[in-house]
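Asks: I'd like to ask some things about the structure below.
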Amino acid sequence: MKPGTMGFVPRARTAMEAVDLGLGLLQAHWRPVAGVWGLQVLFLLGLFLPFLFRTPLWCLLGYWWLKPWLDRGVLFVLSRAVFGQSASVWDFLREWRAVHRRGLAAGLLWRRLSPLRSYVLPIFQLEGLHGAGYRQRARVLTRQSAGAGFLLTCSGWLFTLMTLVGFLALLQGMMPPGSRVELWSGFDTMTLGFQWFLTAVGILALTLTEPLFVAGGFGLYLNRRTHLEGWDLELAFRRLAARLSLVVLLLLGARSLGAQEPPPAPDGEPVVQAEGAPPTPKHPAEGPLRPQEEAHQRAQRILKEDPAFRHTEEIRVLSYEPTGREPHWLRSFLDFFFAKKEPAKPSGSRNLDFLKGLWDLIALVGKVMLVGGLLAFVLWLIYRFRHRLGLPVAREPDWEAPAAVAGLDIRPESLPPDVPAAARHLFVRGEPRAALALLYRAALAELVHRKGMEIPASATEGDCLRAAGDHLDPGPAAIFKTLTLTWQRLAYKDDLPTREAFEGLCEAWPAAFGGRS
Amino acid sequence: MTNLPTPSDPSRIQWAAEQAEALRTEIHRALVGQEAVVGQVLAAFLAGGHVLLEGVPGLGKTLLVRALATTFQGAFARIQFTPDLMPSDVMGHAVWDMKSEQFHLRKGPVFTNLLLADEVNRAPAKTQAALLEVMQEQQVSLEGRTLPVEAPFMVLATQNPIEQEGTYPLPEAQLDRFLLKVQMGYPDASEEAAMVRQVTTDTIGDALRVEGVRPLMAAPEVLELQRLAASVRVDDAVLDYAVRVVRATRQWPGIAIGAGPRGAIALVRVVRAHALLEGRDFATPDDVKSLALPALRHRLQRSPETEIEGLGSDDLLQAILAKVPAPRA
Chain F
0 MKPGTMGFVP RARTAMEAVD LGLGLLQAHW RPVAGVWGLQ VLFLLGLFLP
50 FLFRTPLWCL LGYWWLKPWL DRGVLFVLSR AVFGQSASVW DFLREWRAVH
100 RRGLAAGLLW RRLSPLRSYV LPIFQLEGLH GAGYRQRARV LTRQSAGAGF
150 LLTCSGWLFT LMTLVGFLAL LQGMMPPGSR VELWSGFDTM TLGFQWFLTA
200 VGILALTLTE PLFVAGGFGL YLNRRTHLEG WDLELAFRRL AARLSLVVLL
250 LLGARSLGAQ EPPPAPDGEP VVQAEGAPPT PKHPAEGPLR PQEEAHQRAQ
300 RILKEDPAFR HTEEIRVLSY EPTGREPHWL RSFLDFFFAK KEPAKPSGSR
350 NLDFLKGLWD LIALVGKVML VGGLLAFVLW LIYRFRHRLG LPVAREPDWE
400 APAAVAGLDI RPESLPPDVP AAARHLFVRG EPRAALALLY RAALAELVHR
450 KGMEIPASAT EGDCLRAAGD HLDPGPAAIF KTLTLTWQRL AYKDDLPTRE
500 AFEGLCEAWP AAFGGRS
Chain L
0 MTNLPTPSDP SRIQWAAEQA EALRTEIHRA LVGQEAVVGQ VLAAFLAGGH
50 VLLEGVPGLG KTLLVRALAT TFQGAFARIQ FTPDLMPSDV MGHAVWDMKS
100 EQFHLRKGPV FTNLLLADEV NRAPAKTQAA LLEVMQEQQV SLEGRTLPVE
150 APFMVLATQN PIEQEGTYPL PEAQLDRFLL KVQMGYPDAS EEAAMVRQVT
200 TDTIGDALRV EGVRPLMAAP EVLELQRLAA SVRVDDAVLD YAVRVVRATR
250 QWPGIAIGAG PRGAIALVRV VRAHALLEGR DFATPDDVKS LALPALRHRL
300 QRSPETEIEG LGSDDLLQAI LAKVPAPRA
């Protein structure tokens, strides 16, 4: 292959782009593909009809099984398209023998159900490889794109199935209601004509999808070869060479092209590199391996003589030296973590020593996790049931006492030292609303800041009253209820309390809400 | 029967509270438990609104309505909505009288005081629309004549939250006509035991028994109660709180379409009635909070994400109520 003559731009593509490249080729040359395919189908039908006219299902099955044979025509046209040539049906007939010469039996028998069928088809059709050469080549080519090839095959199956089911659903939808023929009822119950009709639908579905599948696989194949053989680089160098002098061309050709391109095969196809072969030794003078004892002695000598192996390092570790005065349980506990380990016996196998050390480490980590987990569980139990154990209960960390409830400032610093006295003063001064508001918000402040009552900013007076019922004794709760109702009447009805009622609240306030009086 | 209090009577709120309490007590003679449901239905009754009752079968929805109708000696009618129910079956129609050789109007069951529209979502849209038009206009147009429906007029429509097969769900615009959507749940164990005892003692068959319910008032007294409810004072702060709650539904994440201004109007109407039921002549933010769910739950349209998460309108409204700051007077 000469990249300069190609009918596409060789460059390193992703797998999806590669499939797209194949589909692009098919799109550009769909007429010859359709012609070749149609010719083959006619040939097949001519072959089948005399024998399988009464059994259309077998005809469909045969068509499906012989798809690899049909694929060869598609690949023939696409392989010409790669070189910018448009193959005709006549060309195909002329090359008929060459197209079907290699690997047809394998393709129809043991490679028929290969998950990479379209991807590896060019290897035996275009490269003419078979046997061990084919296997080696296929291994190299599918090393990085086998997943994409498999996905392409699965997509092909799915696409064919969807097309077939889509056609059948369309037919079913067009049947008149109560039609005698039911598509899903079974092939055997249908008339021969209808069976042939459905067979034609199946052949149509396969015909629509198979060339796409072949083209996608061919795109992957081209892309893989571009990766392996640097077609894009070669093309770039050729363009460079066209612009530079002959000397530079020779230099570049000698240094890069010569090193990159594999020597051509006698028939013009690239030679398959023996990538699976064992690497040749870089230093042939090393010769075969010495006997094991000699090698060991040599290694010991190097270890003793070479100063590079005499490096010393001081490592400090945390350890525990028992004094004999500590209690037994403490000693056991500290031994558990810091007990000196017996020096490991010299072992002949470093791997086993390493595994044993790793195992000890895992065991120690397991012990620490077990003890830590138990401690954490006990601590969690204590925390969980701190109410029952009588421990001091802190507020939830994410809850902050609001500065205002129902629009009333309840911060302690906003309140006077003697709330009832200040309220009385306001009432006498002719500000009964402010006086009652002071009593109410001071009561709320006490509940929030001293009793730990959680009141969100969205709480209404009723919410506060219900919450206070859980935090206050019956006496104070009753006073708070009276205070709330009085406050509500004032706030939402402008109904001023009588002086006696207000005085009663002021007198009851210190007893109910303690702190400030 | 109680003498009507005069508007200047200072004890009129007290009288209203006593009447409401008496209504509640009488209803509970027939219906055991369901305190909140009875309270909400009474609030809607005093607010002159209509109620959509949602609950599984067998919770006493019909019994509640019949008991309420008995308490005020009102006319009671029940329509079982079915897919073949026609608007004329609800509104009435003209029939040809052979003797007089004239058309006579035959009024439908909608000409009543208390109408139970059972399983309202089983009728097709045009029948639902006919009923909802009466609910809104309080009048019926028949054969070119406009016939007012006698006050008090209240529709209690029921629907079943399960068995949605073959139903015609009420559109949002029509749901908006209901003042409240009351959800009726199962009674608790003690209430259920008391109910079973009451219903099965000295009873033949499974007929609904409302004989124990005494009539307490006539239609004029009900109208007076409704007038009193409408005159309950709602402070600006309370009104503002109700509006803020309703407006919050329009920006709340998880709600595709929030409640409209009719939602705020309905909420404040029912808040007034609720305050009256509590014996107050002024409303508080607590009234708003306690009635926001039944007044707004049918006016929200949840976003698809919220529906997938399984959050109901009540969950969203509770979240809103927990976030909207309560007012200060």
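Residue numbers (numbering that gives the first Met the number 0), protein chains in the order written: chain F, 0 to 516; chain L, 0 to 328.
The C-beta atom is built at its ideal place from N, Cα and C for all residues, glycine as well.
(1) Cβ of Thr283(L) less than 8 Å from any chain F Cβ?
(2) Opposite Thr157(L) in the DSSP bridges: which residues?
(3) Are at least three pairs of beta-carbons, each pair with one atom in the region 21-32 of chain F and one in the region 69-83 of chain F, less than 8 Å apart?
(4) At a Cβ cut of 7 Å, what residues of the region 447-481 of chain F count as close to chain L, listed as they run along the chain?
(5) What's the gap between the Cα of Glu260(F) and the Cα of Ala235(F)?
(6) Output the residue ranges of the alpha helix (DSSP H) runs that lie fully inside the region 448-493 of chain F and measure 4 residues or longer, sorted by chain position.
(7) Extract the residue ranges of the beta strand (DSSP E) inside the region 228-312 of chain L, only unbroken runs of 3 or more that lie entirely within it.
(8) Could you name the residues of chain F that Arg232(L) contacts, counting a contact when the two beta carbons are closer than 8 Å?
(9) Are the beta-carbon atoms of Leu219(F) and Ala147(F) separated by less than 8 Å?
(10) Could you check where the beta strand (DSSP E) with Arg238(F) kicks off and where it finishes?
(11) Please determine, among Arg223(F), Phe42(F) and Ile301(F), the residue with the shortest C-alpha to C-alpha distance to Arg10(F).
(12) Helix, strand or coil, according to DSSP, for Pro147(L) in the structure here?
(13) Smallest Cα separation from Leu65(F): which of Arg93(F), Val88(F), Trp95(F) and Arg110(F)?
(14) Kindly provide the ranges of any beta strand (DSSP E) runs that are 3 or more residues long and lie completely inside the region 415-451 of chain F, ordered along the chain.
(15) Could you tell me which uninterrupted beta strand (DSSP E) segments, each at least 3 residues in length, are contained entirely in the region 169-199 of chain L, listed from first to last along the chain?
(16) Helix, strand or coil: which one does DSSP assign to Phe156(F)?
(17) Going along the chain, which residues of its own chain have a beta-carbon closer than 6 Å to the beta-carbon of His310(F), five neighbours each way excluded?
(18) Spell out whether any CB of chain L is found under 8 Å from the CB atom of Gln143(F).
(19) With a Cβ-Cβ cutoff of 8 Å, do Ala42(L) and Ala272(L) count as a contact?
(20) Taking the beta strand (DSSP E) that Asp117(L) falls in, what are its first and last residues?
(21) With a 10 Å radius around its C-beta and 16 neighbouring C-beta atoms as the bar for buried, classify Arg440(F) as buried or exposed.
(22) Which class does His327(F) belong to by DSSP, given the choice of helix, strand or coil?
(23) Report the option in Trp29(F), Pro455(F) and Leu221(F) whose CA atom is closest to the CA atom of Thr13(F).
(24) Is it the case that the Cβ atoms of Trp68(F) and Leu103(F) are separated by a distance below 8 Å?
(25) Spatial neighbours of Gly286(F) within its chain, please: CB distance less than 7 Å, with the 5 preceding and 5 following residues excluded, ordered by chain position.
(26) So, are the CB atoms of His49(L) and Lys180(L) less than 8 Å apart?
(27) Between the C-alpha atoms of Ile26(L) and Leu224(L), what's the straight-line distance to the nearest angstrom?
(28) Would a check of beta-carbon distances place Lys180(L) closer than 8 Å to chain F?
(29) If we ignore side chains and look at the alpha-carbon of each, how far apart do Val237(L) and Ala294(L) end up?
(30) Figure out for me which residue from Leu170(F), Gly106(F), Pro509(F) and Arg101(F) has the closest Cα to the Cα of Pro416(F).
(31) Do we get a CB-CB distance below 8 Å when we pair Ala325(L) with the residues of chain F?
(32) Since Phe519(F) and Gly21(F) should fall inside the 8 Å C-beta cutoff, what is the C-beta to C-beta distance between them, to a whole number of angstroms?
(33) Identify whether Trp57(F) lies in helix, strand or coil by the three-state DSSP scheme.
(34) Count Cβ pairs between the region 192-200 of chain F and the region 142-156 of chain F that sit closer than 8 Å; are there 3 or more?
(35) Please report the distance separating the alpha-carbon of Gln39(L) from that of Ser457(F).
(36) Using alpha carbons as the reference points, say which of Pro160(L), Ala124(L) and Phe110(L) lies closest to Glu136(L).
Replies: Short version:
(1) Counted from its first residue, the second sequence places residue 283(L) at position 284. At a cut-off of 8 Å between beta-carbon atoms, Thr283(L) makes contact with chain F.
(2) Within the second sequence, residue 157(L) is the residue found at index 158, counting from 1. Beta-bridge pairing by DSSP links Thr157(L) to Leu52(L).
(3) Under the three-pair Cβ rule at 8 Å, the region 21-32 of chain F counts as touching the region 69-83 of chain F.
(4) Interface annotation for the region 447-481 of chain F against chain L: Pro455, Ala456, Ser457, Ala458, Thr459, Glu460 and Gly461, criterion Cβ-Cβ distance under 7 Å.
(5) In the first sequence, the residue the question calls residue 260(F) occupies position 261. In the first sequence, the residue the question calls residue 235(F) occupies position 236. The pLDDT assigned to Glu260(F) is 46, lower than 50, so where the model puts this residue is not dependable, and the model offers no usable value.
(6) Entirely contained in the region 448-493 of chain F, the alpha helix (DSSP H) runs reaching 4 residues are, in chain order, 460-470 and 473-492.
(7) Annotation: the region 228-312 of chain L contains the following complete segments of the beta strand (DSSP E) (minimum length 3 residues), in chain order: 254-256.
(8) As a first step, residue 232(L) must be located in the second sequence, where it is residue number 233. Under the 8 Å cutoff, chain F gives Tyr491 and Lys492.
(9) As a first step, residue 219(F) is located in the first sequence; it is residue number 220 there, counting from the start. As a first step, residue 147(F) is located in the first sequence; it is residue number 148 there, counting from the start. It is a contact, given that the beta carbons lie within the stated cut-off.
(10) Along the first sequence, read from residue 1 onward, the residue named residue 238(F) stands at position 239. Secondary structure note for Arg238(F): it is in no beta strand (DSSP E), and the uninterrupted alpha helix (DSSP H) holding it is Trp230 to Arg242.
(11) For this step, residue 10(F) is matched to residue 11 along the first sequence. Ranking Arg223(F), Phe42(F) and Ile301(F) by Cα distance to Arg10(F) puts Arg223(F) first.
(12) Position 148 of the second sequence, counted from the start, is the residue given in the question as residue 147(L). Per DSSP, reduced to three states, the secondary structure at Pro147(L) is strand.
(13) The count along the first sequence starts at 1 and reaches residue 65(F) at position 66. Closest by alpha carbon: Arg110(F).
(14) Listed in chain order, nothing qualifies, since the region 415-451 of chain F has no complete beta strand (DSSP E) run of 3 or more residues.
(15) If we require 3 residues or more, the beta strand (DSSP E) runs fully inside the region 169-199 of chain L come out as 179-182.
(16) Within the first sequence, the letter at position 157 stands for residue 156(F). This sequence places Trp at residue 156(F); Phe is not what is there. Assigned with DSSP and collapsed to three states, Trp156(F) falls in helix.
(17) As a first step, residue 310(F) is located in the first sequence; it is residue number 311 there, counting from the start. Exclusion of the five residues before and after His310(F) leaves no residue of its chain whose Cβ lies closer than 6 Å to its Cβ.
(18) Along the first sequence, one-based indexing puts residue 143(F) at 144. For Gln143(F), the answer is no, since every Cβ of chain L falls outside 8 Å of its Cβ.
(19) For the purposes of this step, residue 42(L) is taken as the residue at position 43 of the second sequence. For the purposes of this step, residue 272(L) is taken as the residue at position 273 of the second sequence. For Ala42(L) and Ala272(L), yes; Cβs fall inside 8 Å.
(20) Here the question's residue 117(L) lines up with position 118 in the second sequence. Counting along the chain, the beta strand (DSSP E) containing Asp117(L) begins and ends at Leu113 to Asp117.
(21) Looking up residue 440(F) in the first sequence gives position 441. Buried.
(22) In the first sequence, residue 327(F) corresponds to position 328, counting from 1. For His327(F), the three-state secondary structure derived from DSSP is helix.
(23) Taking the first residue of the first sequence as 1, we reach residue 13(F) at position 14. It is Leu221(F) whose Cα lies nearest to the Cα of Thr13(F).
(24) Here residue 68(F) refers to the residue found at position 69 when the first sequence is read from its first residue. Here residue 103(F) refers to the residue found at position 104 when the first sequence is read from its first residue. Annotated as proximal: Trp68(F) and Leu103(F), with beta-carbon spacing under 8 Å.
(25) Counting from 1 along the first sequence, the entry for residue 286(F) is found at position 287. Because the pLDDT at Gly286(F) is just 46, under 50, the model does not fix this residue reliably, and the value given afterwards should be weighed accordingly. Excluding sequence neighbours, Gly286(F) sits near nothing in its chain.
(26) To locate residue 49(L), count along the second sequence from 1; it is residue 50. To locate residue 180(L), count along the second sequence from 1; it is residue 181. Lys180(L) sits away from His49(L), with the two beta carbons spaced by 8 Å or more.
(27) The residue given as residue 26(L) occupies position 27 in the second sequence. The residue given as residue 224(L) occupies position 225 in the second sequence. Distance between the alpha carbons of Ile26(L) and Leu224(L): 17 Å.
(28) Numbered from its first residue, the second sequence carries residue 180(L) at position 181. Not one chain F Cβ lies under 8 Å of Lys180(L).
(29) Start at 1 with the first residue of the second sequence, and residue 237(L) comes out as number 238. Start at 1 with the first residue of the second sequence, and residue 294(L) comes out as number 295. Taking C-alpha positions only, Val237(L) is separated from Ala294(L) by approximately 16 Å.
(30) Translated into the one-based positions of the first sequence, residue 416(F) becomes position 417. Nearest option by C-alpha distance: Pro509(F).
(31) Numbered from 1 along the second sequence, position 326 holds the residue referred to as residue 325(L). Output row for Ala325(L): interface = yes.
(32) With chain F covering only 0 through 516, there is no way to say anything about residue 519(F).
(33) Taking the first residue of the first sequence as position 1, residue 57(F) is located at position 58. In this structure, Trp57(F) counts as helix in the three-state DSSP scheme.
(34) Counting C-beta pairs closer than 8 Å gives fewer than three between the region 192-200 of chain F and the region 142-156 of chain F, which falls short of the contact rule.
(35) For this step, residue 39(L) is matched to residue 40 along the second sequence. For this step, residue 457(F) is matched to residue 458 along the first sequence. C-alpha separation (whole angstroms): 23 Å.
(36) Position 137 of the second sequence, counted from the start, is the residue given in the question as residue 136(L). Between Glu136(L) and the set Pro160(L), Ala124(L) and Phe110(L), the nearest pair of CA atoms involves Phe110(L).
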